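Single-structure report; data block below.
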């Protein structure tokens, strides 16, 4: 069966350190992989999209890698700040689809 | 610029009552539209998506239905709510151009009692 797995345990990290989140998938052939941020009681907000032929994407303090051999994406927040505290969701779109499938999300708590 | 409106923000309904949640998008034409549900502490579950007026695809069999009466209007309905329908409902749109970033509404927290 198809699965998208993110670490369900919260990630507690000290301000200024790098937070690294993982997204593993099975039985998918994604054309795109995306990362979203969700604050409590709010809708997710798009952060980054990486295509199957891209290895790495950066946006400000965020970096995403995509390894289609390992079937894994890593999401890094460098120089983390308390304002980065939120739940981060990965999502896949298969080449033939019009829809995104989301992982369960990982909550990040950055402590000052 | 594009905006998405979703209402109401919170809703408390008794079991067996009907439901109607509405979502509208402004500033874009022919968007793909989506309804997701998120249970407490869980990921997003795709319920319905639409690529055009009157075109609805259902992902999960259930007592919910969706309609798209206008290009930028998406409605989620139920004739009789169940306790298990409680959750956070999110409407979203994408451009439908193959680069499918989703833009979400602010969500409706539905409690069925």
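Residue numbers (the working numbering), protein chains in the order written: chain A, 1 to 112; chain B, 1 to 113. Think of the CB as a built atom: it goes at the ideal place given N, C-alpha and C, for glycine as much as any other residue. Keep in mind the model is a prediction, meaning the values are calculated, not measured.
Given residue i as reference, the closest of the options once Cα atoms are compared
i: residue 90/B; options: 42/A, 108/A, 52/A; result: 42/A
i: residue 69/B; options: 16/B, 30/B, 13/B; result: 30/B
i: residue 62/B; options: 82/B, 56/B, 71/B; result: 82/B
i: residue 12/B; options: 21/B, 58/B, 48/B; result: 21/B
i: residue 63/A; options: 1/A, 8/A, 22/A, 2/A; result: 22/A
i: residue 76/A; options: 4/A, 59/A, 112/A; result: 59/A
i: residue 54/B; options: 60/B, 64/B, 40/B, 72/B; result: 72/B
i: residue 64/B; options: 78/B, 49/B, 9/B, 10/B; result: 78/B
Rounded distance between the beta-carbons of residue j and residue i, thought under 8 Å
i: residue 99/A; j: residue 26/A; result: Going by Cβ atoms, the distance from residue 99/A to residue 26/A rounds to 18 Å, so no, they are not a contact pair.
i: residue 45/B; j: residue 28/B; result: Wrong, their Cβ atoms sit about 25 Å apart, outside the cutoff.
i: residue 34/B; j: residue 92/B; result: 4 Å
i: residue 38/B; j: residue 104/B; result: Contact doesn't hold; Cβ gap of about 10 Å is too wide.
i: residue 42/B; j: residue 103/A; result: Contact flag wrong, Cβ pair sits at about 10 Å.
i: residue 57/A; j: residue 48/A; result: 5 Å
i: residue 89/A; j: residue 28/A; result: That pair is no contact at about 15 Å.
i: residue 82/A; j: residue 44/A; result: Rounded, the Cβ-Cβ distance is 20 Å, inconsistent with contact.
Where the beta strand (DSSP E) containing residue i begins and where it ends
i: residue 15/A; result: Premise fails: residue 15/A is in no beta strand (DSSP E) and is neither H nor E.
i: residue 114/B; result: Only positions 1 to 113 of chain B appear in this structure, which leaves residue 114/B out of reach.
i: residue 30/A; result: 30-38
i: residue 106/A; result: 106-111
i: residue 32/B; result: 32-38
8 Å Cβ cutoff, residue i in contact with chain A
i: residue 52/B; result: no
i: residue 72/B; result: no
i: residue 89/B; result: no
i: residue 101/B; result: yes
i: residue 16/B; result: no
i: residue 44/B; result: yes
Cutoff 8 Å: residue i Cβ touching any chain B Cβ
i: residue 32/A; result: yes
i: residue 52/A; result: no
i: residue 66/A; result: no
i: residue 93/A; result: yes
i: residue 109/A; result: no
Classification of residue i by the beta-carbon crowding that lies within 10 angstroms, buried from 16 upward
i: residue 47/B; result: buried
i: residue 39/A; result: exposed
i: residue 102/B; result: buried
i: residue 6/A; result: buried
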